[in-house]
Structure formats: structure tokens, C-alpha cells
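S.K.:
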């Protein structure tokens with residue numbers, strides 16, 4: 004498994020456990036429900052909303068707009084920048100990353116609606132070591 008996939012799994016697991024604990028304590032209400040296929044169980048997912056985070060400064064808003072626009076248009080440099088932002092441990096950058104993820108997922112849902120509700124491919128992957136592609140004559 005690549006380091007990126009492992010990091011994402013750790014993040015998802017810790018987020019899931021934190022939300023379950025908060026739901027058990029009655030601190031948080033379920034904002035989004037996802038039906039788990041084949042189990043009949045419902046998973047509650049919660050994320051930071053834009054109103055819960057501090058307002059974005061002009062520089063942060065421009066950064067968010069540039070990365071979001073690049074992601075939607077398929078620019079690889081923006082994808083790399085988004086991954087770096089999401090993996091950051093800085094609290095403010097994590098808030099910005101949450102807003103970015105919400106915007107991207109909203110865009111993805113809109114695109115699914117235009118596709119008659121059929122799911123779209125939406126994946127980020129890492130394959131091999133880049134140096135393996137170097138050709139030595």
C-alpha cells in the first residue's frame with residue numbers, strides 16, 4: 004500500500020472514531036447519512052462547515068479558489084497542492100482543506116446529477132516510483 008493511501012486510511016479511521024464518540028455523547032447531530040451496501044446500516048459523517056471556521060482572509064480565499072478551479076479542470080499541479088494542503092497538520096490549513104473538500108464533493112455531486120445520477124469515477128492514486136519510468140539507452 005502506498006504511503007498516501009495509508010495516510011488517508013488513518014485519517015478516515017480517526018475521523019470516523021471521533022465522530023462516533025461525539026455521536027454517542029450526543030454532542031453532534033448527523034449531517035450526512037450514507038447507506039452501507041449489503042449491511043442495512045447507516046453511517047453518519049460530519050464535517051466542518053464553512054460557518055464554523057473563521058472567515059478566510061483574501062490570500063486564503065485566492066488560494067482556495069485557485070486550487071479548486073485547477074482540480075475541477077484537471078490540473079495536476081493543483082492536485083499535488085491540494086494533497087499537500089489536506090495532509091498538513093497546521094490547524095488553519097486543515098480548516099481550509101475541509102472547505103476545499105466540501106467544495107470538490109459538492110461539485111462531484113452536481114456532476115453526478117448531470118449524469119442522470121450515475122456515479123462518476125473519482126479517485127486519486129499513486130503508482131510506482133517515478134524513476135522507474137526513466138529510459139536509459
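Numbering (the numbering used here), first residue to last: 4 to 140. Positions of the beta carbon are idealized from the N, C-alpha and C atoms, including for glycine. In this text the structure is predicted, and so the values were computed from the model without any measurement.
Is it the case that the stretch 92-102 contacts the stretch 73-81, given that we only count it when at least three CB pairs across the two stretches are under 8 Å?
M.R.: Short answer: they don't touch.
S.K.: Does the separation of the CB atoms of residue 122 and residue 115 fall below 8 Å?
M.R.: Counting from 1 along the chain shown, the entry for residue 122 is found at position 119. Counting from 1 along the chain shown, the entry for residue 115 is found at position 112. A contact, by the Cβ cut-off of 8 Å.
S.K.: Using 10 angstroms around the beta-carbon of residue 85, count the other beta-carbons present and answer buried if the total reaches 16, otherwise exposed.
M.R.: Position 82 of the chain shown holds residue 85. It counts as buried.
S.K.: Distance, Cα to Cα, residue 81 vs residue 60?
M.R.: Locating residue 81 in the chain shown gives position 78, where the first residue counts as 1. Locating residue 60 in the chain shown gives position 57, where the first residue counts as 1. Those two C-alpha atoms are separated by around 20 Å.
S.K.: Measure how close the beta-carbons of residue 88 and residue 96 come, nearest whole angstrom, since I'm counting them as under 8 Å.
M.R.: Mapped onto the chain shown, residue 88 falls at position 85. Mapped onto the chain shown, residue 96 falls at position 93. Contact holds; Cβ gap of about 6 Å.
S.K.: As a quick exercise: from 67, 62, 63, 79, pick the residue whose alpha carbon is nearest that of residue 106.
M.R.: As a first step, residue 106 must be located in the chain shown, where it is residue number 103. Of the listed residues, the one whose Cα sits closest to residue 106 is 67.
S.K.: Going by DSSP, what residue range makes up the alpha helix (DSSP H) through residue 111?
M.R.: Locating residue 111 in the chain shown gives position 108, where the first residue counts as 1. 94-117 is the extent of the alpha helix (DSSP H) around residue 111.
S.K.: Relative to the C-alpha of residue 57, which candidate in 77, 69, 94, 65 has its C-alpha closest?
M.R.: Working through the chain shown from its first residue, we reach residue 57 at position 54. Per the Cα distances, 94.
S.K.: Grab the span of the alpha helix (DSSP H) containing residue 72 for me, first residue to last.
M.R.: Counted from its first residue, the chain shown places residue 72 at position 69. From DSSP, the alpha helix (DSSP H) with residue 72 extends over 61-75.
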